[in-house]
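Worksheet: the structure to be examined is printed underneath.
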Amino acid sequence: MSDIVNEVLATRYFREGESSWEDVCRRVADYVGNTDDEREIYYDMMVNKEFVPNSPTL
14 MSDIVNEVLA TRYFREGESS WEDVCRRVAD YVGNTDDERE IYYDMMVNKE
64 FVPNSPTL
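The numbering of the sequence shown is the working numbering, which starts it at 14 and goes up by one.
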């Protein structure tokens with residue numbers, strides 16, 4: 014990702030211990046998914062930018 018994208022992620026979306034988009038995706042997928050399979054589906058969709066939840070969810 015570009016420097017500006019990483020800067021926005023860092024200032025708005027990263028939580029303590031997070032340093033990448035993949036970290037954000039894992040956190041959100043783990044919260045939203047009810048099963049291991051659902052968590053992996055959400056994670057894959059978000060990492061591939063097929064689905065990105067709204068800002069309050071992130």
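From the three backbone atoms N, C-alpha and C, an ideal C-beta is built for every residue, glycine too.
- Per DSSP, what kind of secondary structure is Thr70 in: helix, strand or coil? coil
- Item | Cα-Cα separation between Asp16 and Ser33, rounded to whole angstroms | Their backbone Cα atoms lie some 12 Å apart in a straight line.
- Could you tell me the boundaries of the alpha helix (DSSP H) in which Met14 lies? Run containing Met14: none; DSSP gives neither H nor E here.
- Task: Would you mind stating whether Pro69 and Val41 have Cβ atoms separated by less than 9 Å?
- Result: no
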